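J.:
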Amino acid sequence: MFTQFLQLTGLAKKWPIITHEEVAKHNTTDSLWILVGTSVLDVTSLIGHHPGGNSALLKRGGGVKDCTEDMLFHGRATRQDAQRYKIGELSPCDAQKLASRRATAPSRTASQSEAAPPARTQVFVPTDLHEAHTSGSDSEQWDEGVKDHPLSSSDTDYVLGLDAKRLQSTTSSLW
Numbered sequence: 001m002f003t004q005f006l007q008l009t010g011l012a013k014k015w016p017i018i019t020h021e022e023v024a025k026h027n028t029t030d031s032l033w034i035l036v037g038t039s040v041l042d043v044t045s046l047i048g049h050h051p052g053g054n055s056a057l058l059k060r061g062g063g064v065k066d067c068t069e070d071m072l073f074h075g076r077a078t079r080q081d082a083q084r085y086k087i088g089e090l091s092p093c094d095a096q097k098l099a100s101r102r103a104t105a106p107s108r109t110a111s112q113s114e115a116a117p118p119a120r121t122q123v124f125v126p127t128d129l130h131e132a133h134t135s136g137s138d139s140e141q142w143d144e145g146v147k148d149h150p151l152s153s154s155d156t157d158y159v160l161g162l163d164a165k166r167l168q169s170t171t172s173s174l175w
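So that you can map any letter, position 162 of the sequence shown is 162 in full-length UniProt numbering, and since no number is skipped, the others follow by simple counting.
Put into structure tokens, the structure is as follows:
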């Protein structure tokens, strides 16, 4: 209801409604649409530019899969930038079918969850290399260097630098 209010006041865009049948037609390099939740994104312009390759996009094209979880592997800037590819919303009927499919999908067992690799990693940069970084994270430098690229961001990386005394006390406490 709040969204409808915002749309009426002109503060939120009212997106065209697109059926799953229409999304399914767009699964080639000439026209590639994906679903992220109930949002329909036209990612055709990313063909040839996606770091995961064209096959990563084509496997998800045509709405064969909800890409919400896949977006978690992208940096914050890229996830925010994805909104510019949005062309519409999935029809309410199709969105409900998608939600019920997710609800009835088999959940991971405890052993599968334990075996899953962590989604984020921590990078340790020794002190002599840390001087090359002007901030605690290299994402700002990275984003500034390639800010116009649709897939720019490294904000999921962590850079940790310690002075020699702190490094010594940290490593000695580990042993």
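Every residue, glycine too, gets a C-beta built ideally from N, C-alpha and C.
Since the model is a prediction, treat every value here as computed from it, not as a measurement.
#1: Do three or more CB pairs link the stretch 84-99 to the stretch 32-41 at distances below 8 Å?
#2: So who's on the other strand from VAL40, going by DSSP bridges?
#3: Mind checking LEU72: buried by the 16 CB within 10 Å criterion, or exposed?
#4: Please report the Cβ distance between LYS86 and LEU41, rounded to the nearest whole angstrom; I am assuming they are in contact, meaning their Cβ atoms lie under 8 Å.
#5: Please list, in chain order, all residues of the same chain as TRP33 whose beta carbon is under 6 Å from its beta carbon, the five residues on each side excluded.
#6: THR104 by DSSP, collapsed to three states: which one?
#7: Give the DSSP bridge partners of ILE18, in chain order.
#8: Compute the Euclidean distance between the alpha carbons of ALA82 and THR68, then round it to the nearest angstrom.
#9: Spatial neighbours of THR44 within its chain, please: CB distance less than 6 Å, with the 5 preceding and 5 following residues excluded, ordered by chain position.
#10: Compare the Cα-Cα distances from HIS20 to each of ASN54, GLY61, ILE47 and report the closest residue.
#11: Just the Cα atoms here: how many angstroms apart are ILE17 and LEU58?
#12: Once DSSP output is grouped into helix, strand and coil, what is the label at ASP66?
#13: Look up THR29 in the DSSP assignment and give the residues it is bridged to.
#14: Using 8 Å as the threshold, is the C-beta distance between ASP66 and ARG102 below it?
#15: Rounded to a whole number of angstroms, what is the C-alpha to C-alpha distance between VAL104 and GLU89?
T.: Quick answer:
#1: As far as the Cβ criterion goes, the stretch 84-99 touches the stretch 32-41, which means the pair count is three or higher.
#2: Paired residues: LEU35, GLY88.
#3: Classification of LEU72: exposed, given that the 10 Å Cβ count is below 16.
#4: Taking 8 Å as the upper bound for CB-CB distance, LYS86 and LEU41 are in contact here, some 5 Å apart.
#5: Its chain contains VAL23, HIS26, VAL40, ASP42 as the residues whose beta carbon lies nearer than 6 Å to that of TRP33, once the 5 sequence neighbours on both sides are disregarded; these appear in chain order.
#6: Residue state, collapsed to three classes: helix.
#7: Answer by DSSP bridge pairing, in chain order: LEU90.
#8: Approximately 11 Å, taken between the alpha carbons.
#9: Cβ neighbours of THR44 beyond the five flanking positions: SER31, LEU32.
#10: HIS20 has its Cα closest to that of GLY61, out of ASN54, GLY61, ILE47.
#11: Approximately 23 Å between the Cα atoms of the pair.
#12: When secondary structure is reduced to three states using DSSP, ASP66 falls in the strand class.
#13: Paired residue(s): none; THR29 is not in a bridge.
#14: Yes, Cβ-Cβ distance for ASP66 and ARG102 is below 8 Å.
#15: In the sequence on display, residue 104 carries Thr and not Val. Their Cα atoms are separated by approximately 22 Å.
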